[in-house]
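This report refers to the structure that appears directly beneath it.
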Amino acid sequence: MRASGAERFGNYLLLIVFGCFALAPIVSIVVAALGPDDGGSGSSGLGNFGKAWEIGHFGTYLRMSLLVSVSVVVASVLLSILSGYAFGTMRFRGAGVLFYLFLLGIMMPTEAIVVPLYFDLRTLGLTDTYWAVALPQVAQSVAFGTFWMRAYFRSSSRALVEAARLDGAGHWRTLWQVLVPPARPALVTLIVLVFMWTWNEFLIPLVMVTSESLRTAPLGLAFFSGQYTSGFTLLAAGAVIVGLPVVLVYAFLQRHFIAGMLEGAVRE
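In my numbering, the protein residues as written are -3 to 264.
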């Protein structure tokens, strides 16, 4: 049944209104970042970004965030593929119990585990290191990634798997040559989500590290806002610098991301 012209107009109008609500804060921050510095430094436009970059040491923070985000994405996606394949295609004793343990990782908020996790990592001598920032986020991402990839593998074509088995393919070959190539939309969606969550993580770096060289971009922005409060313009420029990588990743992969989300919705 086709929608009438009035229905289409109402749908577009509603989308435009909600789009304006969503974009208004972003546009206001960008406009503020490009305006004259209200802190009295005399900079304006792109000069605000250069000044914020220099004062806030965002180069160091962005490198740390990029290192952590890329390593967490690679490790968690790889482990999620393996665990999702096991839970989605294999039948073994204790599979249900193990899967529910993974689900606990999704349901458990970071605030509930960060203090005991800090003491555990301190006992191992890992606090104030790169590993204290990356490893907890790998564990959190694998919990969701396992749930996500299990749903995909459970709904994948059984005929492909059976044909591969008849051809003599083992589990390893079936996974990487038969099931993973068609899973690109689901994998891209997982990559974008994990990258976004890791990049924006604030609490774990705040608790686990004290060295300035190990601060991530959101944590560095918080310290920048604490030490540079004479004007809003440079804070807005710093916020744009920190948020830009996530926007670029999503813009570059948004077609596959939306396809993966729609594919998951249809299968559910």
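Heads up, the beta-carbon is just placed ideally off N, CA and C, and yes, glycines get one too.
As assigned by DSSP and simplified to three states, the class of residue i
{"i": "Gly90", "result": "coil"}
{"i": "Met60", "result": "helix"}
{"i": "Met103", "result": "helix"}
{"i": "Gly80", "result": "helix"}
{"i": "Pro32", "result": "coil"}
{"i": "Gly41", "result": "coil"}
{"i": "Gly52", "result": "helix"}
{"i": "Gly164", "result": "coil"}
{"i": "Tyr246", "result": "helix"}
Buried or exposed (CB count within 10 angstroms, at least 16 for buried), residue i
{"i": "Phe17", "result": "exposed"}
{"i": "Val236", "result": "buried"}
{"i": "Met145", "result": "buried"}
{"i": "Pro105", "result": "exposed"}
{"i": "Leu175", "result": "buried"}
{"i": "Ala48", "result": "buried"}
{"i": "Met86", "result": "exposed"}
{"i": "Phe115", "result": "exposed"}
{"i": "Phe220", "result": "buried"}
{"i": "Ala179", "result": "buried"}
{"i": "Asn44", "result": "buried"}
{"i": "Ser61", "result": "buried"}
{"i": "Ala2", "result": "exposed"}
{"i": "Val188", "result": "buried"}
Cβ-Cβ distance between residue i and residue j below 8 Å
{"i": "Val110", "j": "Leu199", "result": "yes"}
{"i": "Ser79", "j": "Thr142", "result": "yes"}
{"i": "Val129", "j": "Met204", "result": "yes"}
{"i": "Ala233", "j": "Ala20", "result": "no"}
{"i": "Ala265", "j": "Val134", "result": "No answer is possible for residue 265: it lies beyond the span of the chain, which begins at -3 and ends at 264."}
{"i": "Ser137", "j": "Val68", "result": "yes"}
{"i": "Thr229", "j": "Gly31", "result": "yes"}
{"i": "Val190", "j": "Val64", "result": "no"}
{"i": "Gly92", "j": "Ala139", "result": "no"}
{"i": "Leu217", "j": "Val238", "result": "yes"}
{"i": "Trp195", "j": "Pro241", "result": "yes"}
{"i": "Leu215", "j": "Leu202", "result": "yes"}
{"i": "Pro132", "j": "Leu162", "result": "no"}
{"i": "Leu186", "j": "Ser76", "result": "yes"}
Completely contained alpha helix (DSSP H) runs for the region 117 to 162, where each covers 4 or more residues: 126 to 151, 154 to 162
Segment contact, 8 Å Cβ cut-off, at least three pairs: the region 206 to 218 with the region 52 to 62: Yes, the region 206 to 218 touches the region 52 to 62.
Given 8 Å, three or more beta-carbon pairs between the region 132 to 152 and the region 79 to 96: These segments touch.
The region 96 to 106 contacting the region 235 to 251, beta-carbon criterion three pairs below 8 Å: no
4-residue-minimum alpha helix (DSSP H) runs that sit fully inside the region 166 to 231, ordered along the chain: 180 to 196, 199 to 204, 213 to 223
Cβ pair count under 8 Å reaching 3, the region 108 to 127 against the region 156 to 168: no
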